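If you read the sequence shown in the numbering used here, its first letter stands for residue 1188, the second for the next number, and so on.
Here a beta-carbon is modelled for each residue, glycine too, at the ideal position from N, C-alpha and C.
All values derive from a computational prediction rather than experimental measurement.
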Amino acid sequence: MSMLPIWQALPLQRALSALAEGQLGHATLITGPEHLGQAALARALAQRLLCNAAQGDAPACGECRACTQTRAIAQRPQCTTAKAGEPACGQCRGCIDALASRHPDLRIVTLEINEKTEKLRTEIAVEQIRKLSEWLALTSQQGGAQVVIIESADLLNRNAANALLKTLEEPAPGRYLFLATSRPHRLPATIRSRCQHIALRLPDRAAALDWLRAQGHDGDSAATALTAARGNPGVADRWLRDGTLETRKAVHAELLRIAKGALGPLELAALWAKDEQLSLRLALAADFAALLSSRLAIGEAVPSPQPDRQRLGQWFDQANACRELLSTTVRSDLALVPLLIAWREVFAQG
Ligand SMILES: [Zn+2]
Ligand SMILES: [Zn+2]
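What follows is the structure, given as structure tokens:
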């Protein structure tokens, strides 16, 4: 099977040991910082559980029919959004449809297209979990395990979570559920408490850089991106591929120009209001405030003028609230102006 990065390979090996000892739970919550590969680890475990050849604590053989079928999902070949060499987006029609080309004893639950609106749903709906329960009530088609992966499990809506809870309360031999998420606190405690936990952790910097270079990034860009992503190689890889790193640089420069009085809040609000990536810009802006605050906390140099740490914290919340607000129908320039005026105040003396 394909080589997993070190931060997934070690937890995988521990889970395989647990499996060999009969200690792998029927439900496992896989958590960790975003884009670190929680779902990829779940797929590796699913592949192993369905593999016709692997024994004991060995990983999936990668060659049997079951392995071929499960791998076809992991690659999601029908993505219409990703460019050559990029990972599948997981959201386009092609990606959603690719879930249908599955191993008959594997179900992957993720956001679905709403058939009425033809748009991607923003949460996992209760019908999806009901269908899942009906499927789990059948016996496995190939005589082995039945495996479920719930990707972005934090997006289960309340009814879906309640329906899933019933399934978790009735474990059955040979039935495995994996819930992948980077926001486990958004899951009800009742669900979390019924799962075993696997936590992915950030690798050390050298291992992260090795991996980024193996993805085809040059050493300098990889180092810059990894620092910006606070040591998260999954985020750094994404940012290098989709141009976020450039946007981040621009956002920092624009905010510093406001702080210095070289750019007016109204001007920048007008500029950002026209931008299709406004939500990303606001997330990066909030992150910039957090970054400056953490630098102040450890006595590291920050660009002048000197920001006020308490006001940075308040502005971080304000920027995130603004981002939430703009996901509704509020006119973006109206919401942005007070936010950017407040940003200038963060640097006001006295
Ligand atoms: Zn196999
Ligand atoms: Zn896609």
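Buried or exposed (CB count within 10 angstroms, at least 16 for buried), residue i
i     : result
V1517 : exposed
Q1162 : Residue 1162 cannot be examined here, being either before or after the span of the chain that is shown, 1188 to 1537.
E1338 : buried
I1316 : buried
L1203 : buried
R1263 : With a pLDDT of 43 at R1263, under the threshold of 50, the modelled position of that residue is not reliable, and no figure is offered here.
L1399 : buried
N1416 : Before going further, note that residue 1416 is Ala rather than Asn in the sequence given. Result: buried.
P1360 : exposed
H1384 : exposed
E1433 : exposed
Q1333 : buried
L1453 : exposed
N1301 : exposed
A1401 : exposed
V1422 : buried
R1468 : buried
G1224 : buried
T1414 : exposed
Residue i Cβ short of 7 Å to ligand 1 heavy atom set
i     : result
R1253 : Reading off the sequence, residue 1253 comes out as Ala, not Arg. Yes, since a heavy atom of ligand 1 falls inside the 7 Å radius drawn around the Cβ of A1253.
G1330 : no
C1509 : no
A1207 : no
V1441 : A quick correction: the sequence has Glu, not Val, at residue 1441. No, since every heavy atom of ligand 1 falls outside the 7 Å radius drawn around the Cβ of E1441.
G1418 : no
C1382 : no
A1247 : yes
A1240 : yes
Assumed close pair residue i, residue j - CB separation to whole angstroms, cut-off 8 Å
i     : j     : result
N1377 : L1352 : As written in the sequence, residue 1377 is Thr, which differs from the Asn given in the question. Contact flag correct, Cβ pair sits at about 6 Å.
L1396 : A1410 : 6 Å
R1258 : N1239 : About 13 Å separates the two Cβ atoms, so there is no contact after all.
L1526 : S1519 : Rounded, the Cβ-Cβ distance is 10 Å, inconsistent with contact.
L1499 : A1456 : Between A1456 and L1499 the Cβ distance is about 20 Å, and since that is not below 8 Å, they are no contact.
P1576 : R1235 : Lying outside 1188 to 1537, the shown extent of the chain, residue 1576 is not represented and no answer is given.
L1298 : L1342 : 6 Å
Any non-hydrogen atom of ligand 4 within 7 Å of residue i CB
i     : result
E1250 : In terms of ligand content, the structure shown lacks ligand 4 and carries ligand 1 and ligand 2 instead.
Below-8 Å beta-carbon distance, residue i vs any chain D residue
i     : result
Q1315 : Here there is only one protein chain, and chain D is not present.
Which runs of the alpha helix (DSSP H), 4 residues or longer, sit entirely within the stretch 1290–1357?
1313–1324 and 1345–1356
Are at least three pairs of beta-carbons, each pair with one atom in the stretch 1440–1452 and one in the stretch 1484–1495, less than 8 Å apart?
yes
Does the structure place the stretch 1207–1223 close enough to the stretch 1320–1329 that three or more beta carbon pairs sit under 8 Å?
no
Could you tell me which whole alpha helix (DSSP H) segments of length 4 or greater appear in the stretch 1398–1429?
1406–1415 and 1420–1429
With contact counted as at least three CB pairs below 8 Å, one residue from each stretch, are the stretch 1500–1507 and the stretch 1465–1476 in contact?
yes
Restricting to runs no shorter than 4 residues, where is the alpha helix (DSSP H) found entirely within the stretch 1438–1502?
1452–1460 and 1465–1484
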